[in-house]
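Worksheet for the structure shown next.
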Amino acid sequence: MALPTDPASSWLSGTGSQSRLFGTGSDDYELYEQDGEFVLSVEMPGFERDDIEVGWYEGRLTVAAEHEDNRRDQTRTYRRSFRMPKQIDDDSIRARYQNGILDVYLPSIEDATTKGKTIPVEE
172 MALPTDPASS WLSGTGSQSR LFGTGSDDYE LYEQDGEFVL SVEMPGFERD DIEVGWYEGR
232 LTVAAEHEDN RRDQTRTYRR SFRMPKQIDD DSIRARYQNG ILDVYLPSIE DATTKGKTIP
292 VEE
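Quick note on my numbering: the sequence shown kicks off at 172 and runs consecutively.
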């Protein structure tokens with residue numbers, strides 16, 4: 172399974188926007204900051220390590236997986252994207268899959284500043 176390299180073609184794919192909006196999503200992941208890095212833990216029971224692809228492209232982490240269950244003649248898929256609120260040290264990203272949990276470690280760059288501004292809300 173190849174991850175898309177064009178984020179414009181899948182800008183909402185896997186963001187969970189509709190799920191959160193309508194309350195139909197699942198809580199299959201946890202994202203937190205610890206010791207200068209973000210840690211993303213994703214529950215992925217039933218997948219094998221080789222079924223999972225983790226990609227990083229222009230500040231967006233994508234987790235994708237596909238597993239063929241020959242006994243049930245079914246294919247299970249998972250796809251979700253995450254945008255990080257800080258700059259990440261691309262060369263130090265690492266991932267581990269153990270006991271049905273995928274952990275991705277994304278070290279943030281300490282001296283980086285995130286550009287942004289406050290948007291006034293008009294009547």
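Built from N, CA and C at the ideal position, the CB exists for glycine as well.
For residue i, which residues in the same chain have their Cβ closer than 8 Å to its Cβ, ignoring the five residues on either side in sequence?
| i | result |
| --- | --- |
| leucine 279 | One point to set straight first is that residue 279 is serine, not leucine, in the sequence displayed. So the list reads Glu204, Gly207, Glu208, Phe209, Met255, Lys257, Gln258, Ile259 and Asp260, once near-sequence residues are dropped. |
Can you give me the Cβ contacts of residue i inside the same chain, cut-off strictly under 7 Å, excluding the 5 residues immediately before and after it?
| i | result |
| --- | --- |
| tryptophan 227 | Asp261 and Ile264 |
Tell me, which residues are paired with residue i by DSSP?
| i | result |
| --- | --- |
| valine 225 | Val234 |
| proline 296 | There is simply no residue 296 to check, as the chain begins at 172 and stops at 294 in what is shown. |
Measuring straight from C-alpha to C-alpha, what distance separates residue i and residue j?
| i | j | result |
| --- | --- | --- |
| glycine 194 | arginine 242 | Low local confidence applies: a pLDDT of 44 at glycine 194 is under 50, so the model's placement there is unreliable, with the coordinate-based value given in what follows. Whole-angstrom Cα-Cα distance: 32 Å. |
| leucine 183 | tyrosine 249 | Low confidence applies to leucine 183: its pLDDT is 41, below 50, so where it sits in the model is not reliable, and the reading given next is rough at best. Answer to the nearest angstrom: the Cα atoms are 15 Å apart. |
| alanine 266 | glutamate 294 | 46 Å |
For residue i, report the span of its beta strand (DSSP E) as first-last.
| i | result |
| --- | --- |
| phenylalanine 253 | 245-254 |
With three or more beta-carbon pairs closer than 8 Å as the criterion, would you say the region 235-245 touches the region 253-266? no
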